[in-house]
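**Student:** Chains as they are written, first to last, in our numbering: chain A, 1 to 389; chain B, 390 to 594.
Ideal Cβ placement from N, Cα and C applies to all residues, glycine included.
In this text, all values refer to a predicted model and were calculated from it rather than measured experimentally.
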């Protein structure tokens, strides 16, 4: 009797034809983004674009067809992070000849720009009218402007979805968090989820006080795998030790032991800004309290600790939700779904999910796809010419 | 008057220099606006002491600007390490439960709220020689006498202190417990930064 009254979980995926039709706009757009149109002068570049396009569209199709989000997003996200390291290293080697920054490079502002420093720029600029910038504007504002525009657009479109779909660092700790089947450390004190706000506050205040990018100079874990200053003094040695320790601890060891994205959830200063953007973003993830059996599988599986018991009661994830789709896929009763604000929860969940996937894949094609294609090009060049660049 | 105007013109920079220690500290304490104002006055009193000490030391060295420049690394190192120690002490000291203060003795009150902590922080913050302070040195050097120099510094201090007035209003948010946690973590981050930078300055001289 009970079994008869229970709501039958909806079928998650779409049919082959529907999936192919829905894939078509993304296929066309991503083809343009990744290949730049018909093959031109460099066949290797075209091949790299085509390989990326195929991979991206296959994963998009599988997301539509199977109705599963997380596992395919994970492949893309980890690939983005790993290929960033390849393409970044090749780019730095080609322009500077060495991965290590020299003092002259730093003084001339030849350091590259990444999105993690955005809060370090915005907050001191608001209060001191001084832009503290870890790079040079002398060679042109275009690359920095495009990064800022992509970040602002994606933040408006996806909110904190940026952190699970477009951030080119997040795949590193997420990849490590998938290594073990079960976590060794099962519980993390909720107080630690406030740490990113403290890091943001601390680096913003210190940056304004010292007129230097405090996060880049002292706290960025990813300096360990992208670039760091050549060790020519005790100060730089100390900074390098901090970078490596943070990377090993937050991006490798803790994610493995906890199966959580510890760098993203408990440290990254950009996370709080993206969380605030979640408040104005049209997409969110909602729980249907009537369908929910309180098994807490979603709480245990959330990579960013964005669900707690209060969430199950209120039907809302915490503002730190990165819309990765893990809880949506994990829920055995299909009580969790992507949702468009202002609509009824659980109604048209597939539509909301597809509407969310569209902007994510458009941004991914334009931003992340280029990084993946560049890395493939670097590997192809290494194979064919013996040089990555 | 010249010192006061110089302080008014450069006061925002002074606030920005003191903010990394001051704002996390106030957030962590989670007191109301009135209590925060008292704490701020203690901090500013300590800061005034720091300013006057630098002025006296520099005057005693015979050359106001070169004397200060010679000791800048050492002074900054001491200030940074001391500030770090005080911030850590503030964050990790045991807070007594609220409401337990009605009939407590002086010693208990001291353990609940160490009155000298903000004074000490202000004093050490005053030792951190920042660009506006160096400007004040230049002005004080032209004052002609020790008394004139001290009056100049006092006026400069008053001018800069105006910009500290909004900080106690953080107390409006004292019921948001998350802010206290964020303040505690931020204070530790800032303290560790000061500790490392201070140690490097002390070792390097």
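Counting only beta-carbon atoms, is residue 582 of chain B nearer than 9 angstroms to chain A?
**Tutor:** By 1-based counting over the second chain, the position of residue 582 of chain B is 193. Yes, contact with chain A.
**Student:** Residue 48 of chain A to residue 160 of chain A, Cα distance in whole Å?
**Tutor:** Position 48 of the first chain holds residue 48 of chain A. Position 160 of the first chain holds residue 160 of chain A. C-alpha separation (whole angstroms): 29 angstroms.
**Student:** For a quick check, are the C-beta atoms of residue 480 of chain B and residue 576 of chain B less than 9 angstroms apart?
**Tutor:** By 1-based counting over the second chain, the position of residue 480 of chain B is 91. By 1-based counting over the second chain, the position of residue 576 of chain B is 187. Contact flag set, yes.
**Student:** Return the residues of the region 189 to 214 of chain A that lie within a Cβ-Cβ distance of less than 7 angstroms from chain B, sorted by chain order.
**Tutor:** Cβ contacts with chain B come from 191, 194, 195, 197, 198, 199, 201, 202, 205, 206, 208, 209.
**Student:** Just to confirm, is the Cβ distance from residue 77 of chain A to residue 171 of chain A under 9 angstroms?
**Tutor:** Translated into positions along the first chain, residue 77 of chain A becomes position 77. Translated into positions along the first chain, residue 171 of chain A becomes position 171. Yes, Cβ-Cβ distance for residue 77 of chain A and residue 171 of chain A is below 9 angstroms.
**Student:** Identify which residue in A/79, A/194, A/182, A/61 has its Cα closest to the Cα of residue 166 of chain A.
**Tutor:** The residue given as residue 166 of chain A occupies position 166 in the first chain. Comparing Cα positions, the closest option is A/79.
**Student:** Nearest CA to the CA of residue 299 of chain A: which residue from A/148, A/291, A/308?
**Tutor:** Numbered from its first residue, the first chain carries residue 299 of chain A at position 299. Among A/148, A/291, A/308, the Cα nearest to that of residue 299 of chain A is on A/308.
**Student:** Measure from the alpha carbon of residue 549 of chain B to the alpha carbon of each residue in B/390, B/395, B/391, then state which is nearest.
**Tutor:** Start at 1 with the first residue of the second chain, and residue 549 of chain B comes out as number 160. Residue B/395 is the option with its Cα nearest to residue 549 of chain B.
**Student:** So residue 382 of chain A contacts chain B; which residues on that side make the cut at Cβ distance below 9 angstroms?
**Tutor:** Position 382 of the first chain, counting from 1, holds the residue named residue 382 of chain A. What residue 382 of chain A touches in chain B: nothing, since even the nearest Cβ is about 40 angstroms away.
**Student:** Can you give me the Cβ contacts of residue 398 of chain A inside the same chain, cut-off strictly under 6 angstroms, excluding the 5 residues immediately before and after it?
**Tutor:** Because residue 398 of chain A is not part of the residues shown, which for chain A are 1 to 389, the question remains open.
**Student:** When you compare the CB of residue 572 of chain B with every CB in chain A, is at least one pair closer than 9 angstroms?
**Tutor:** Residue 572 of chain B sits at position 183 when you count from the first residue of the second chain. Yes, its Cβ sits closer than 9 angstroms to a Cβ of chain A.
**Student:** Kindly say whether residue 238 of chain A, judged by its beta-carbon, lies nearer than 9 angstroms to any beta-carbon of chain B.
**Tutor:** Position 238 of the first chain, counting from 1, holds the residue named residue 238 of chain A. For residue 238 of chain A, the answer is yes, since a Cβ of chain B falls inside 9 angstroms of its Cβ.
**Student:** Any C-beta of chain A sitting closer than 9 angstroms to the C-beta of residue 413 of chain B?
**Tutor:** Locating residue 413 of chain B in the second chain gives position 24, counting from the first residue. Yes, its Cβ sits closer than 9 angstroms to a Cβ of chain A.
**Student:** Please tell me whether residue 269 of chain A and residue 196 of chain A are closer than 9 angstroms, where the distance is taken between their beta carbons.
**Tutor:** The residue you call residue 269 of chain A lines up with position 269 of the first chain. The residue you call residue 196 of chain A lines up with position 196 of the first chain. In contact: residue 269 of chain A and residue 196 of chain A (Cβ atoms closer than 9 angstroms).
**Student:** If you compare alpha carbons, which of A/241, A/222, A/259, A/239 is closest to residue 188 of chain A?
**Tutor:** By 1-based counting over the first chain, the position of residue 188 of chain A is 188. Here the closest residue by C-alpha is A/259.
**Student:** Tell me which residue opens and which closes the beta strand (DSSP E) that residue 247 of chain A is part of.
**Tutor:** Here residue 247 of chain A refers to the residue found at position 247 of the first chain. Segment: none, residue 247 of chain A is in no beta strand (DSSP E) and carries neither H nor E.
**Student:** Are there 16 or more other CB atoms within 10 angstroms of the CB of residue 304 of chain A, so buried, or fewer, so exposed?
**Tutor:** Taking the first chain and counting its residues from 1, one reaches residue 304 of chain A at position 304. Per the 10 Å Cβ criterion, buried.
**Student:** How about residue 579 of chain B: is its C-beta nearer than 9 angstroms to some C-beta of chain A?
**Tutor:** Residue mapping note: residue 579 of chain B aligns to position 190 of the second chain, counting from 1. At least one chain A Cβ lies under 9 angstroms of residue 579 of chain B.
**Student:** Can you tell me which of A/93, A/282, A/185 puts its alpha carbon nearest to the alpha carbon of residue 256 of chain A?
**Tutor:** Mapped onto the first chain, residue 256 of chain A falls at position 256. Ranking A/93, A/282, A/185 by Cα distance to residue 256 of chain A puts A/185 first.
**Student:** Classify residue 230 of chain A as helix, strand or coil using the three-state DSSP reduction.
**Tutor:** For the purposes of this step, residue 230 of chain A is taken as residue 230 along the first chain, with counting starting at 1. Correct three-state label for residue 230 of chain A: coil.
**Student:** Could you check which residue in B/561, B/508, B/465 has the C-alpha nearest to that of residue 519 of chain B?
**Tutor:** As a working mapping, residue 519 of chain B is identified with position 130 in the second chain. Answer by Cα proximity: B/465.
**Student:** What did DSSP end up calling residue 236 of chain A once you bin it into helix, strand or coil?
**Tutor:** Locating residue 236 of chain A in the first chain gives position 236, counting from the first residue. Here residue 236 of chain A sits in helix by DSSP.
**Student:** With 9 angstroms set as the bound, which would you pick, yes or no: does the beta-carbon of residue 395 of chain B sit closer than that to a beta-carbon of chain A?
**Tutor:** Here residue 395 of chain B refers to the residue found at position 6 of the second chain. So no, residue 395 of chain B is outside the interface.
**Student:** Interface residues of chain B around residue 235 of chain A at Cβ under 8 angstroms?
**Tutor:** Walking along the first chain from the start, residue 235 of chain A turns up at place 235. The answer, in chain order, is 589.
**Student:** Can you have a look at residue 326 of chain A and say buried or exposed, based on whether 16 or more other CB atoms are within 10 angstroms of its CB?
**Tutor:** Counted from its first residue, the first chain places residue 326 of chain A at position 326. Under this definition residue 326 of chain A is a buried residue.
**Student:** Taking Cβ positions only, does residue 218 of chain A come closer than 9 angstroms to chain B?
**Tutor:** Locating residue 218 of chain A in the first chain gives position 218, counting from the first residue. Chain B contact via Cβ: present.
**Student:** Any Cβ of chain A within less than 9 angstroms of the Cβ of residue 592 of chain B?
**Tutor:** Mapped onto the second chain, residue 592 of chain B falls at position 203. Yes, because at least one Cβ of chain A sits closer than 9 angstroms to the Cβ of residue 592 of chain B.
**Student:** Given residue 366 of chain A, which residues of its chain have a CB within under 8 angstroms of its CB, disregarding the five upstream and five downstream residues?
**Tutor:** Counted from its first residue, the first chain places residue 366 of chain A at position 366. So the qualifying residues of the chain are 33, 150.
**Student:** How would you list, in chain order, the residues of chain A whose beta-carbon sits under 8 angstroms from the beta-carbon of residue 406 of chain B?
**Tutor:** For the purposes of this step, residue 406 of chain B is taken as the residue at position 17 of the second chain. Under the 8 angstroms cutoff, chain A gives 209.
**Student:** What residue from B/512, B/517, B/593 has the CA that sits closest to residue 437 of chain B's CA?
**Tutor:** By one-based count along the second chain, residue 437 of chain B stands at place 48. Comparing Cα positions, the closest option is B/512.
**Student:** What residues in its chain sit with their C-beta under 6 angstroms from that of residue 322 of chain A, if we drop five residues either side in the sequence?
**Tutor:** To locate residue 322 of chain A, count along the first chain from 1; it is residue 322. 160, 163, 164, 304, listed in sequence order.
**Student:** Compare the C-beta of residue 375 of chain B with all C-beta atoms of chain A and state if any pair is closer than 9 angstroms.
**Tutor:** As shown, chain B starts at 390 and ends at 594. That puts residue 375 of chain B outside it, with no answer to give.
**Student:** Can you tell me which of the three DSSP states residue 287 of chain A falls into?
**Tutor:** Within the first chain, the letter at position 287 stands for residue 287 of chain A. Looking at residue 287 of chain A - three-state DSSP - the assignment turns out to be strand.
**Student:** Taking only beta-carbon atoms, is residue 575 of chain B less than 9 angstroms away from chain A?
**Tutor:** As a first step, residue 575 of chain B is located in the second chain; it is residue number 186 there, counting from the start. Answer yes: the Cβ-Cβ gap between residue 575 of chain B and chain A drops below 9 angstroms somewhere.
**Student:** Per DSSP, what kind of secondary structure is residue 504 of chain B in: helix, strand or coil?
**Tutor:** Sequence index remark: in the second chain, residue 504 of chain B carries index 115 (1-based). In the structure shown, residue 504 of chain B sits in coil (DSSP, three-state: anything other than H, G, I, E or B).
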